[in-house]
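To keep things clear, I will list the structure first and then write my remarks on it.
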Amino acid sequence: MPSLDMSGDSITVGHGVTTAQRYATLLSTNLGRPMVNRAKNGDMSADQGQKAISVKRASGDIATIMVGVNDQRIYQASSIKRGYYIAFLRRLILDATATVRKTGRSTSIAKTGTWSNTVVNTFGVTTTQNGAKATAWVSGTAVYIGTIIQNHPAAKGVAQVRIDGVLKGTVTCDGTGDGGMTTANGLPYGPAAFRFGGLSSGNHKVELTVTSANGQNFRLDYIAGNTNQTGVKTFVSNVIRMNAYGYKKYGGSDSSVSAFNTDIATMISQLSGDGLQAYLVNNWSAINPATHLLTDGIHPNRAGHVALYNTFRTAILAQM
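Going by full-length UniProt numbering, the first residue of the sequence shown is number 1, and it counts up by one from there.
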């Protein structure tokens, strides 16, 4: 039977409400799908991305993603850290919606220089050599590059990205900016993805050239295009608001939430425009901080979970 695959934090765990009252339970029951729920209290996008990195979803499954409350309260107004969040969230979405890729250890990526296997997954590679290269051919109007961003002084690897010989930008593994990306649960790295769009249809040669200094780790998990992708329909929530007490206790602000949500909407628009089955779920509008939160000011109460359920359910049924 097709399942309901869920990534999230304490909201998706259902902190403060009964099992029967949780939006995850309501969705699973109403849709008639067994639930696979990897949510964990305190998790951020990097934590959930690492938990889901090797998950194989079956045809007909659907995925929901609701991470960002902890990212927002920890990263707050830092645009650098918000950029980490978007890279982690993009990877989490792509790992559900774009599973056709050429992985770092495969022979479909030609590598020059010294590369070794990445420790934290079974398909990526890493190099510390300036000038090392990785080249692959992919098809589509957009290219996705999977990597790992890490908060470590020796993980500041950077590679230039050339597509059909034209410099399109860079991919960085540096997660040390503005105090570092380390999550609330202590994870100092996370699977990330970068997108390069606006290409003509057809096959493209993608070449990565490491430009960082010798000794800095650059990690490559995969190179992919958006044509002929397989994956599951994935429904991504934006970030809900806290009330004044919640912000004071846990951190963040309405303006920070707004900035996160603007970037989430932009990313979902890009990925759906690429033809991927990624859909935005506007829980920001569904949750009223004055009536839908527990006394802690951050977690939804019973009525809040009903609101989340209704918003997710409406979005899902519109695509079924």
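Cβ atoms here follow ideal geometry from the backbone N, Cα and C, with glycine treated the same way. What you are looking at is a predicted structure, and each value in this text was computed from that prediction instead of being measured.
Minimum Cα-Cα distance from ARG90 among the listed residues TRP115, THR266, TYR75 and ALA286 corresponds to THR266. Where ASN283 is concerned, the enclosing alpha helix (DSSP H) starts and stops at 283-286. Taking each of GLY16, ALA307 and ALA278 in turn and checking the Cα distance to ALA318, the smallest one comes out for ALA278. Taking all protein chains in view, the Cβ of GLY231 is crowded by 16 or more other Cβ atoms within 10 Å, so the residue is classified as buried.
According to the DSSP assignment, ILE93 belongs to the alpha helix (DSSP H) that extends over 79-97. In summary, GLY32 is exposed, with fewer than 16 beta-carbon neighbours lying within 10 Å of its beta-carbon over all protein chains present. Below 8 Å, enough C-beta pairs join the region 22-29 and the region 300-312 to call them touching: three or more. Annotation for ASN37: the continuous beta strand (DSSP E) segment containing it runs 35-37. Straight across, the Cα-Cα distance linking VAL55 with GLN48 is about 11 Å. Take the alpha-carbon of THR314 and the one of ASP71: they are about 26 Å apart.
Residue environment: SER200 is assigned as exposed (fewer than 16 neighbouring CB atoms within 10 Å of its CB, all protein chains considered). For ARG162, the enclosing beta strand (DSSP E) stretches over residues 158-163.
Per the C-alpha coordinates, the member of GLY60, THR183, VAL125 and VAL120 positioned closest to SER45 is THR183. Beta-bridge annotation (DSSP): TYR144 is paired with ARG195 and ALA224.
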